[in-house]
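*Asks:*
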Amino acid sequence: MALGDARRAGGQALEQGRRAAGRALEDARRAGGQQMEAARRGEAVAEDINSLVRPQRQARTLPRVAPVGPLPAQRSSADYKAPAATGTAGIASPLIEGSAGEGATLAREYYAGITLTSSDGLISLDVEPLKKLTMRDANGEPVVMEFAQP
Amino acid sequence: MTDALSLNLSRPTALRGNPFHGLVKGGQLTLPNGATMAYPQPGGEHWQQGSTALIKHPNAPGITRTPEQQAEDAAAGLEWWDRAILSGSQLYGKELPGWIYIDPNGDRWIVTTTLSTAHISGGVCTVTLARFGVLGGEPESYTYSVTVPNMGQATPAISLAKGNRLTRFHTSPTGAGAVFELSVEFQDAYWRWWSWRPAGWVEVTLEGPGAECVAEVSVLKTRMQALGSTSYTDADSVPDDYYLENLAAGGARLVREQPTTGNTWTRIIGHSSLIGVTEGKFSGYVVAMFYDDGGALHELTLSGVGTTESNDPPYTHTGPTEFEANEPFTGLWTSSRSTVSTLTLTYALDGVALHSYEFSVTETISESLEYRQGATGGTEKFKSVDVLSVFTTGGTYSLSTAGVDPNASMGGGFWNPWFDFSMPGQPGQTPSRISQSPFWFDQNNVPGRLDINPVRHSNLVFGLLLWELPNNDQLANYRVIYDTAVVTPAGAVTLPAIEIDQGNKTYVFEHHAYASHCPVTGQTARDSEPVCYV
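Line by line, the protein sequences give chains A and B. Everything in the first sequence is counted per the working numbering, starting at 5 for the first residue and increasing by one. Everything in the second sequence is counted per the working numbering, starting at 98 for the first residue and increasing by one.
#1: When you compare only the Cα positions, how much space is there between GLY416(B) and THR427(B)?
#2: Between the stretch 96 to 115 of chain A and chain B, which residues of the former have CB atoms less than 9 Å from a CB of the latter, in chain order?
#3: For the 8 Å Cβ check, are there 3 or more pairs between the stretch 141 to 159 of chain B and the stretch 180 to 190 of chain B?
#4: Are the beta-carbon atoms of SER432(B) and GLU464(B) separated by less than 9 Å?
#5: Just grab the DSSP bridge partners of GLU165(B) for me.
#6: Assuming MET321(B) is part of the alpha helix (DSSP H), what are its boundary residues?
#7: Rounded to the nearest angstrom, what separates VAL577(B) and LEU263(B) at their Cα positions?
#8: Given a threshold of 16 other Cβ atoms within 10 Å of its Cβ, counted over all protein chains shown, does VAL449(B) qualify as buried or as exposed?
#9: Looking at ALA703(B): is its Cβ nearer than 9 Å to the Cβ of ALA171(B)?
#10: Along chain A, in chain order, which residues have C-beta atoms closer than 7 Å to that of VAL231(B)?
#11: Taking DSSP as the reference, what is the three-state secondary structure of PRO528(B)?
#12: Helix, strand or coil: which one does DSSP assign to THR109(A)?
#13: Which residue or residues does DSSP assign as beta-bridge partners of LEU399(B)?
#14: Any C-beta of chain A within less than 9 Å: which residues of the stretch 121 to 155 of chain B qualify?
#15: According to DSSP, is THR214(B) part of a helix, a strand, or is it coil?
#16: Residues of chain B with a CB under 7 Å from the CB of THR138(A): which are they?
#17: Inspect the beta-carbon positions of TRP515(B) and GLY403(B) and report whether they are closer than 9 Å.
#18: Step through the CB atoms of chain B and report whether any lies within less than 9 Å of the CB of ASP124(A).
#19: Going by other Cβ atoms of all chains shown within 10 Å of its Cβ, with 16 needed for buried, is ALA296(B) buried or exposed?
#20: For ALA25(A), which three-state DSSP category applies?
#21: In chain order, what residues of the stretch 159 to 190 of chain B put their CB closer than 7 Å to some CB of chain A?
#22: Decide yes or no for the touch test of the stretch 553 to 569 of chain B against the stretch 339 to 358 of chain B: beta carbon pairs closer than 8 Å, at least 3 of them.
#23: Can LEU188(B) and ILE197(B) be called in contact, C-beta distance under 9 Å?
#24: Less than 9 Å between CB atoms is the rule here; does GLY448(B) satisfy it with respect to chain A?
#25: Nearest-angstrom Cα distance between MET227(B) and MET386(B)?
#26: Using 8 Å as the Cβ pair cut-off and three pairs as the minimum, do the stretch 133 to 150 of chain A and the stretch 117 to 127 of chain B touch?
#27: For ALA275(B) versus HIS267(B), is the C-beta distance shorter than 9 Å?
#28: Could you check where the beta strand (DSSP E) with PHE277(B) kicks off and where it finishes?
#29: Contact criterion: CB-CB distance below 9 Å. Does ALA549(B) meet it with respect to chain A?
#30: With three or more C-beta pairs closer than 8 Å as the rule, is the stretch 278 to 291 of chain B touching the stretch 477 to 494 of chain B?
#31: Out of ASP447(B), GLY510(B) and LEU442(B), which one is the CA nearest neighbour of SER453(B)?
#32: Run through chain A and tell me which residues come within less than 8 Å of GLY114(B), C-beta to C-beta.
#33: The ligand NAP and ALA171(B): does the residue's C-beta get closer than 8 Å to at least one heavy atom of that ligand?
#34: When burial is assigned at 16 or more other CB atoms within 10 Å of the CB, is ILE95(A) buried or exposed?
#35: For ARG140(A), does the three-state DSSP call read helix, strand or coil?
#36: In the structure shown, what three-state DSSP assignment does SER519(B) receive?
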């Protein structure tokens, strides 16, 4: 047995020995027997050598990410998916305006407009009070807020 | 429509508007609680700096404040009005290029026009309405071509006036009416107390929504109508002359009429007895036109009456009427006469007098002229005269003299401030003769002149000034005293008199008094520096 083999065999034995602490001596003898058998077949030689050599870094290509930016409005549909009947379903942050699509999109409904006017009647500001705001959570689940008419 | 989330999620309440109201002086606004704050001082000519016009939106919501809020407002000096003031050309402290028109839909528009003296004989001007007062939204404006009628300024010629101009003078609460003053200029330095005086009035009216507005220009007062009328009422005098007729047979006789016998004669006394009243006046000079809170147009007129009541009876003659040849001519003529001359300047609103300013001079004269035999032979003239002149306003003058004077004569007044005679003789003279400048004595018995000048403090405040011009080389500067009484659309108001040192004694008017009338509170203020209600 080469020196390296011995060291490896010894190390594995010690490791297994530690992990098999408390096991029966029979297990230990059987494990030792399996190691000895594998060593005889030469299966662990390459691994043992590689363990002594620093492995070279392998270049890997990053996964492609879709570009961020405005997307054309698109309509989509999905079948209603009933929430899990666990009774503990919640809203996952963040909430994003819009029922679907990439990023936030306007998804608001308004009450009829009202006009705010200064006391002297000379300055005015037209306002549509918010009626409904549709958002989706991090799981894509819709979150709808409905507001009372002021 | 704005869609700002923060605003939409908020509970909508009224935009409160501008709570800062009061008198602006020296760039500081004094609030009702006495606190001051920086505020833009309205600009323009001296009278424009205090001019005001009510802006009243028919549907202004106003603000309902709780008692607690009212207490807070009072403590902070805030007032939330349901109306506003066009102060000079400013609204909320910002200059506007025109006036505000509130159309039947309640929409507000800034109105500008090309109307000017270029259209004095008629033509076409433009009136432009630009949307005002809406936060956000697209700009919106409409321009209309409007036919301008002849403004009727051809006659009469106005004495001493130079150029003319057309100036916006006042606007109605909704801006549906704007009255313009057509004025003529008196350029000399001593006329600066009222350089541009009215000679006509023109109105621009607007009707309908801004996008479909009907604009019209009409002449309210032609020149002749604006200047009003003049008149003079004379009184009959009676000749009271004495002639010494040299008789052909020698000697002479005293006769009352100029001899026509062919004999030589000398007029000893020339006199016209006058017992009666003479009166000159100008009436209805339209010095302002303005709108009331309801939008009705009113006119302020200035009228002047000069009346002189004369009590100058025939002289009393004592002495012979016939003289022998070589008999010295002798005789005594005495006169006791008096004259009371009164000037009354009256401002009237729609024909109803608001206030009159009165000045008078009473002059009493006792005079005698005696032809008597002199110490060296022949006839000498001995004259005595006692004069008392009382000037109101002003002082008194008295004189008492007696002595031989070979050039002595009798008759006449002493200072002759006869106001009837100084009134304009025709309407074209009225703008230049609204002021009077009689001989006068001040309280220190210094002779001089007193300029009595009606003044326009602002478009809604009119008064009168006295410019004292004594003949006193020791005097530092002339001074102008502004009378306590002014008139406003609300009537006559009494204010503290103001004395202003003119900084010279060269008859150059340099320093004004400024006044403003608040169309909301009805207050009137006057000061030696510009003031304006906002």
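Note that the Cβ used here is the ideal one computed from N, Cα and C, for glycine as well.
*Replies:* With the structure as the only source:
#1: 7 Å
#2: LEU110, ARG112 and TYR114
#3: The count of Cβ pairs closer than 8 Å, one atom from the stretch 141 to 159 of chain B and one from the stretch 180 to 190 of chain B, reaches three, so the stretches are in contact.
#4: yes
#5: DSSP lists no beta-bridge partner residue for GLU165(B).
#6: 320 to 324
#7: 29 Å
#8: By the neighbour-count rule (16 or more Cβ atoms within 10 Å), VAL449(B) is not buried but exposed.
#9: Absent from the structure is residue 703(B), since the part of chain B shown begins at 98 and ends at 631.
#10: Within 7 Å Cβ-Cβ: SER128.
#11: helix
#12: coil
#13: TYR382(B) and TYR444(B)
#14: ILE152, LYS153, HIS154 and PRO155
#15: helix
#16: The premise fails here: THR138(A) is roughly 14 Å from chain B at the closest Cβ pair, so nothing lies under 7 Å.
#17: Against a cut-off of 9 Å, the Cβ pair of GLY403(B) and TRP515(B) comes out as a contact.
#18: yes
#19: ALA296(B) should be labelled buried.
#20: Any answer about ALA25(A) is weak, because its pLDDT of 46 lies below 50 and its placement is not dependable; what the coordinates show is given next. In the structure shown, ALA25(A) sits in coil (DSSP, three-state: anything other than H, G, I, E or B).
#21: GLY159, ILE160, TRP177, TRP178, ASP179, ARG180 and ALA181
#22: no
#23: yes
#24: no
#25: For the sequence presented, residue 227(B) should be read as Ala rather than Met. ALA227(B) and MET386(B): Cα-Cα distance of roughly 26 Å.
#26: By the Cβ test, the stretch 133 to 150 of chain A is not in contact with the stretch 117 to 127 of chain B, since fewer than three Cβ pairs between them sit closer than 8 Å.
#27: yes
#28: 274 to 282
#29: As written in the sequence, residue 549(B) is Ile, which differs from the Ala given in the question. Judged by the 9 Å Cβ criterion, ILE549(B) is not in contact with chain A.
#30: no
#31: LEU442(B)
#32: SER122, SER123, ASP124, LEU126 and ILE127
#33: Summarising the ligand content, the structure contains no ligands, and the ligand NAP is consequently not present.
#34: Counting Cβ neighbours within 10 Å, ILE95(A) comes out exposed, since fewer than 16 surround it.
#35: strand
#36: helix
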